[in-house]
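For the sequence shown, our numbering puts the final residue at 488, and the numbers step up evenly by one. A virtual CB, placed ideally from N, CA and C, is assigned to each residue, including glycine. Everything numeric in this text was worked out from a predicted model, so none of it was measured. All remarks here apply to the structure that follows.
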Amino acid sequence: MTSSLEHDPAVWARRSLDQLAPSERTLEQMAERFLAFAEFECLGYAPFYQGICEAVAANEDILDIARQSNQGQPIPNLFLAAVHYLLLADISHPLARFFASVESNKDAAAEIFPEYRRYCSENRDSLIDLVSDRRVQTNVVGRSALLMPSFGIIERHAQGRPFGLIDVGTSAGLNLNWDKYRYSYSSGREFGPSDATVRLESEVKGGKFPDLPDQYPEVASRAGIDMNPIDLSNPADLLWSRSLIWPEHPQRARVFEAAASVLAQNPPALFAGDALDLLPGILETISDDAVPCVFHCHTLNQFTPQARESFRDIIETASESRTIYLVSAEGGTLVVSGCSSGAWSVLAGANCDPHGRWVEWLEFA
Ligand SMILES: C[S@@+](CC[C@H](N)C(=O)[O-])C[C@H]1O[C@@H](n2cnc3c(N)ncnc32)[C@H](O)[C@@H]1O
């Protein structure tokens, strides 16, 4: 099993354009970026956006808008979300109505692209404002279907003590409320409140599934850290988060909206800043009778290799006084581990879909 802290060099090569300043990006490079996104991120998952990206790659006016994207952000995701944001804010527009019920196929993209192109041209200034200001901070609730069994595994090791949760790269904090959701796994197991409004389904591949306690562990505290926490009580931030969900995935949008309502009733503590600065202090706030349980989903891939080392150092240092548990879901690999007195032990590992749609458990300690 690959380490969760490794990153895929091919993905980084494709994204190197995103790291350039807008003035350094050529239209040819932009076209390649959209084509690569269509092939590697949309193919087999989002045919409508695949078709839109292929058409965008052949349109210099739109590429010139996307070229203004914020440095360091994934350009196609940012641009697609910016168009979606304006459409969600203007639901009477014919293109918005098309998006609201779009079929997940490439024919739909070909049918609508002339209108899409016109819309981008008419809204050029607003789109440039959005792509040069906003960030891609999708908060994927489906990842809770990976976290819940991971926490069940930890509970067996922690012998029933309450959890002090810390979500590193929390975005809006939706996965900190994982214990308020209901889960249905293809292995036939169901967990969580029967009246939960957030209901997640996940396929179990390979037949293995952890032996989980019937009850969720008690959660003593919930803290999320993010460079830029998303405040879903702010209507513009709520709309931006919603626009990051691709229009051909309406079920994800329904789950997001239900989770946002749960969050409004159960807001966790969110801290703004670099996790490397904040994590040591937040770990210290976890009460002595609780189990510190740190998790990160699709966040450490945004750290430099040196920052990932520092992150491990922080956990190892904190583990001198008590065991720190860590759940890492990065790049299709899930690892559940514990660290005591600086020594790591892996409790379980799995291959997984980055959005939690399936999981294949590999080992249990
Ligand atoms: C791709 S999003 C994932 C959000 C969430 N974990 C999820 O799975 O839905 C990554 C998040 O990590 C945050 N982030 C990246 N580097 C960070 C750092 N050094 N400290 C705190 N947050 C960071 C970003 O701001 C972003 O919100």
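- Residues of the same chain with a CB within less than 8 Å of the CB of Ala413, apart from the 5 flanking positions on each side, are Arg284, Pro285, Phe286, Gly287, Ala343 and Ser344 in chain order.
- Taking all protein chains shown into account, Leu210 has 16 or more neighbouring C-beta atoms within 10 Å of its C-beta and is therefore buried.
- Between Asn200 and Asn300, the CB-CB gap reaches or exceeds 9 Å.
- Contact annotation: Tyr304 and Ala382 have beta-carbon atoms nearer than 9 Å.
- For the pair Thr408 and Ala359, the CB atoms are not nearer than the 9 Å cut-off.
- Bounds of any beta strand (DSSP E) do not take in Cys165, whose DSSP letter is neither H nor E.
- Residue state for Asp354 is assigned as coil, using DSSP reduced to three classes.
- The beta carbon of Arg480 lies closer than 7 Å to those of Gly265, Ser325 and Glu326 in the same chain, with the five residues before and after it left out.
- Of Leu143, Ala233, Glu278 and Thr440, the smallest CA-CA separation from Gln173 is found for Ala233.
- Secondary structure at Phe394: strand, using DSSP grouped into helix, strand and coil.
- Rounded to whole angstroms, the Cβ separation of Trp369 and Ala169 is 5 Å, and the two are in contact under 8 Å.
- The beta carbon of Ala231 sits closer than 6 Å to those of Phe171 and Val225, all from its chain and outside the five residues before and after it, given in chain order.
- Counting only the Cα atoms, Ile235 lies some 43 Å from Ile289.
- Taking a C-beta distance under 9 Å as the contact criterion, Asp302 and Phe274 qualify as a contact pair.
- In chain order, Arg258, Gln260 and Ala395 place their CB closer than 8 Å to the CB of Asn351, counting only its own chain and leaving out the 5 sequence neighbours on each side.
- Each of Leu186, His207, Ala295 and Ile175 was checked against the Cα of Lys229, and the nearest Cα belongs to Ile175.
- Distance from the CA of Ile214 to the CA of Arg220, rounded to the nearest whole angstrom, comes to 6 Å.
- Excluding five sequence positions before and after Leu401, the CB atoms of its chain that fall closer than 8 Å to its own CB belong to Ile348 and Phe394, given in chain order.
- Using a Cβ distance threshold of 9 Å, Gly461 and Ser468 count as a contacting pair.
- Within the segment 200-225, the runs of alpha helix (DSSP H) at least 4 residues long that lie entirely inside it are, in chain order, 217-223.
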